[in-house]
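Novice:
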């Protein structure tokens, strides 16, 4: 069965360190998204990609970067981790086919809980 | 810009009670509307969706009707179960320049007691 996985599931790091969160999907979806979830804020979009070599900034992109070198993976990098980046991070993907455009379902990974000390 | 407002939680109900979670939206055009559910310790998953006005999405006993005149997409269930305890997110599709992403509400936590 197709799926979307994230690793690690839990991560503790120190302020100032570079951290990379992995996201891998086997749906062969064009679109991939990274969100963070914080109490009182719901889900906020960090970065997204509509295909290989395409990346776009979301509403809370400062301090984060992504790269899309293949269809399956969209790693999220925190350049220099800050305590404000302590959060739960979710990756998602969607097909965005011609017939589903505008009605796409996003499929979410299980999340990564990141703590920055 | 496009936005979604959903009722503040948390919501606590007894088993078999009627559930309504309100969701209203602001958008240009006619976006698709979604309800996603997040069970404890898991990622979000689609619960139901509606793609045009007056459409009713339904799944697992939950329903929501796309009301263009009131810009609403309220989630309802006639008889909730303990297993429905989760966080519910209302969302709309945001289409700009040929690309598509979702705009989420802040989520409503539902707890159902036996």
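Protein chains in written order, with our numbering: chain A, 15 to 131; chain B, 162 to 275. Using N, Cα and C, we set each Cβ at its ideal position, and we do this for glycine too. Just so it is clear, the structure is predicted and the values come from calculations on it, not from any experiment.
#1: Span of the beta strand (DSSP E) holding residue 15 (chain A)?
#2: Please work out which residues of its chain come closer than 7 angstroms, Cβ to Cβ, to residue 168 (chain B), disregarding the five sequence neighbours upstream and downstream, and give them in chain order.
#3: Report the rounded CA-to-CA distance for residue 207 (chain B) versus residue 196 (chain B), giving the unit in angstroms.
#4: By DSSP's criteria, residue 57 (chain A) is part of a beta bridge. Which residues make up the other side?
#5: If you draw a straight line from the alpha carbon of residue 94 (chain A) to that of residue 79 (chain A), how long is it in whole angstroms?
#6: By the 9 angstroms beta-carbon criterion, what residues does the stretch 55-69 of chain A contribute toward chain B?
#7: When you compare only the Cα positions, how much space is there between residue 48 (chain A) and residue 61 (chain A)?
#8: What's the gap between the Cα of residue 210 (chain B) and the Cα of residue 33 (chain A)?
#9: Return no unless some Cβ of chain A is closer than 8 angstroms to the Cβ of residue 210 (chain B).
#10: In chain A, which residues lie less than 7 angstroms from residue 206 (chain B) when you measure between Cβ atoms?
#11: When the Cα atoms are used, what is the spatial distance from residue 216 (chain B) to residue 236 (chain B)?
#12: Out of A:77, A:67, A:55, A:72, state which residue places its alpha-carbon closest to the alpha-carbon of residue 85 (chain A).
Specialist: Taking the definition as stated:
#1: Run containing residue 15 (chain A): none; DSSP gives neither H nor E here.
#2: Take residue 168 (chain B), set aside five residues on each side of it, and the residues of its chain with a beta-carbon closer than 7 angstroms to its own are 182, 183, 269, in chain order.
#3: Cα-Cα distance, rounded: 6 angstroms.
#4: Residue 57 (chain A) is bridged to A:51.
#5: Here the C-alpha atom of residue 94 (chain A) lies approximately 11 angstroms from the C-alpha atom of residue 79 (chain A).
#6: Per Cβ criterion, the list reads 55, 56, 57, 58, 59, 62, 64.
#7: Those two C-alpha atoms are separated by around 5 angstroms.
#8: Between the alpha carbons of residue 210 (chain B) and residue 33 (chain A) lies a distance of about 35 angstroms.
#9: For residue 210 (chain B), the answer is yes, since a Cβ of chain A falls inside 8 angstroms of its Cβ.
#10: Neighbours of residue 206 (chain B) in chain A, taken as residues at a C-beta separation under 7 angstroms, are given in chain order as 122.
#11: For residue 216 (chain B) and residue 236 (chain B), the distance between alpha carbons rounds to 13 angstroms.
#12: Among A:77, A:67, A:55, A:72, the Cα nearest to that of residue 85 (chain A) belongs to A:67.
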